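Notes to accompany the following structure.
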Amino acid sequence: MMLRNTILFFLVAMAFLGTCSCASTSGALYRAGVVHKVGDAKGWSIFADYNEWTSKKHFYVGDSLIFIYNKMIHNLMQVTREDYQSCNSTSPIEVHATGSDAISLTKPGDYYFIGGRNFEPEWYAMTLKEPGHCHAGQKLHVKVTLPLPNHHLVTSPSSAPAPAPK
């Protein structure tokens, strides 16, 4: 009888540990990434208030930003903090111009984006010093943090069977 109870306890414990191990390695205890459409219905344009938009949101590693815009008028540039503050588009980190750009937030920290005019290359050099879309408010700063575990997703283990009377 004692051997049977010991084996039963061992099997229950192994099943519980296996479940916990699978849940933690599969990422089930963490939130899934959220896709944020920048500017919501207004999209990426000079008509959205991006400070207000970001004030209502939290951005975590694993989330994505989707920039929707008219590619004949706008583009999207990821820039440094200094270039963001001064609306300098001369040395962007990345330039996107598809009209539907997805940016993955892969690490914690600050991400800076500015909008520009999407001109042909020969015209682009002439327009760098002109006030552009960034000066009109088409700029976005997001602070990305690590996600916290969703502890409420973890269920408490079932009780082990009571030991047999002696």
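According to mature numbering (1 follows the signal peptide of the UniProt record, and there is no 0), the sequence shown holds residues -22 to -1, 1 to 144 in order.
We put the CB at the ideal spot given by N, CA and C, even for glycine.
Since we're looking at a predicted model, the values are computed, not measured.
Beta carbon of Ser67 nearer than 8 Å to that of Gly94: Along the sequence shown, read from residue 1 onward, the residue named residue 67 stands at position 89. Along the sequence shown, read from residue 1 onward, the residue named residue 94 stands at position 116. It is a contact, given that the beta carbons lie within the stated cut-off.
Coarse secondary structure for Leu124, derived from DSSP in three states: As a working note, residue 124 is residue 146 in the sequence shown. Coil at Leu124, not helix or strand.
Same chain, Cβ closer than 7 Å to Pro125, five either side skipped, listed in chain order: Along the sequence shown, one-based indexing puts residue 125 at 147. These residues qualify, in order along the chain: Tyr8, Arg9, Tyr38, Val39 and Gly40.
Backbone CA spacing between Asn48 and Ile24 [nearest angstrom]: Locating residue 48 in the sequence shown gives position 70, counting from the first residue. Locating residue 24 in the sequence shown gives position 46, counting from the first residue. So the alpha carbons of these two residues sit roughly 11 Å apart.
Buried versus exposed, by CB contacts within 10 Å (16 or more), Val16: In the sequence shown, the residue the question calls residue 16 occupies position 38. Buried, because 16 or more other Cβ atoms sit within 10 Å of the Cβ of Val16.
Supposed close pair Val13, Ser42 - CB separation, criterion 8 Å: If you number the sequence shown from 1, residue 13 lands on position 35. If you number the sequence shown from 1, residue 42 lands on position 64. Between Ser42 and Val13 the Cβ distance is about 5 Å, and since that is below 8 Å, they are a contact.
Distance CB(Lys20)-CB(Ala26) smaller than 8 Å: Start at 1 with the first residue of the sequence shown, and residue 20 comes out as number 42. Start at 1 with the first residue of the sequence shown, and residue 26 comes out as number 48. In this structure, Ala26 lies closer than 8 Å to Lys20 by Cβ.
Reference Ser78, options Asp61, Val122 and His52, closest by Cα: Here residue 78 is taken as the residue at index 100 of the sequence shown, counted from 1. Comparing Cα-Cα distances from Ser78 to each of Asp61, Val122 and His52, the minimum goes to His52.
Local Cβ density within 10 Å of Asp18, reported as buried at 16 or more and exposed below that: Mapped onto the sequence shown, residue 18 falls at position 40. The residue in question, Asp18, is exposed, as its Cβ has fewer than 16 Cβ neighbours within 10 Å.
Length of the line joining the Cα atoms of Tyr28 and Gln56: Against the sequence shown, residue 28 aligns to sequence position 50. Against the sequence shown, residue 56 aligns to sequence position 78. Those two C-alpha atoms are separated by around 15 Å.
Given residue 231 as reference, the closest of Thr76, Leu54 and Ile81 once Cα atoms are compared: In the structure as shown, the chain begins at -22 and stops at 144. Residue 231 is therefore absent and cannot be evaluated.
Buried/exposed call for Ile71, threshold 16 Cβ in 10 Å: Here residue 71 corresponds to residue number 93 of the sequence shown, with the count starting at 1. Exposed is the call here.
Start-to-end residues for the alpha helix (DSSP H) that takes in Gln63: On the sequence shown, position 85 is the one that residue 63 refers to. Per DSSP, Gln63 belongs to the alpha helix (DSSP H) from Arg59 to Ser64.
Distance CB(Thr32)-CB(Val120) smaller than 8 Å: As a working note, residue 32 is residue 54 in the sequence shown. As a working note, residue 120 is residue 142 in the sequence shown. In this structure, Val120 lies closer than 8 Å to Thr32 by Cβ.
Residue ranges of each beta strand (DSSP E) within the segment 17 to 100, 3 or longer: 42 to 46, 52 to 57, 72 to 74, 78 to 82 and 87 to 95
Under the three-state DSSP convention, the category His113 falls into: The sequence position of residue 113 within the sequence shown is 135, counting from 1. Note: His113 maps to coil in three-state DSSP.
From Arg59, Ala75 and Tyr90, residue whose alpha carbon lies closest to that of Met50: For the purposes of this step, residue 50 is identified with residue 72 of the sequence shown, where counting begins at 1. Comparing Cα positions, the closest option is Ala75.
Buried or exposed by the 16-neighbour rule on C-beta atoms within 10 Å, applied to Gln63: Taking the first residue of the sequence shown as 1, we reach residue 63 at position 85. Per the 10 Å Cβ criterion, exposed.
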